[in-house]
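Residue numbers (the numbering used here): 23 to 110.
What follows is the structure, encoded as structure tokens:
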């Protein structure tokens, strides 16, 4: 077979922030590349409610829009410090 393996890339063309909501527009070389981007965002632990609203073929690449809520993980209390007030 003379099929050429295309490199899987995603690049962003626009990124907007409205409070904790990020809206991203971009292009992926394949649907798998966009799915990997989604998976990688999830794996960071910094994003939730991720939604890819469309992914349309455009000249051999896929144009997509994605919304996500930026939600950094809570940091642990330093050693010797109470994690939360109250209780006893």
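In this text, a Cβ means the ideal position worked out from N, Cα and C, and glycines have one as well.
Sheet register partners of residue i (DSSP bridge)
{"i": "residue 78", "result": "85"}
{"i": "residue 48", "result": "34 and 86"}
Distance CB(residue i)-CB(residue j) smaller than 8 Å
{"i": "residue 86", "j": "residue 77", "result": "yes"}
{"i": "residue 47", "j": "residue 63", "result": "no"}
{"i": "residue 90", "j": "residue 44", "result": "yes"}
{"i": "residue 58", "j": "residue 39", "result": "no"}
{"i": "residue 80", "j": "residue 42", "result": "no"}
Cβ shell of residue i (< 6 Å), same chain only, five flanking positions each side left out
{"i": "residue 75", "result": "87"}
8 Å contact criterion, which residue i and residue j should meet: CB distance rounded
{"i": "residue 50", "j": "residue 71", "result": "Contact flag wrong, Cβ pair sits at about 20 Å."}
Segment limits, alpha helix (DSSP H) that includes residue i
{"i": "residue 62", "result": "53-66"}
7 Å CB neighbourhood of residue i in its chain, flanking five on each side removed
{"i": "residue 23", "result": "Because residue 23 sits at a pLDDT of 39, beneath the cut-off of 50, its placement in the model cannot be relied upon, and the following sentence gives the value as read from the coordinates. Correct list: empty, nothing qualifies."}
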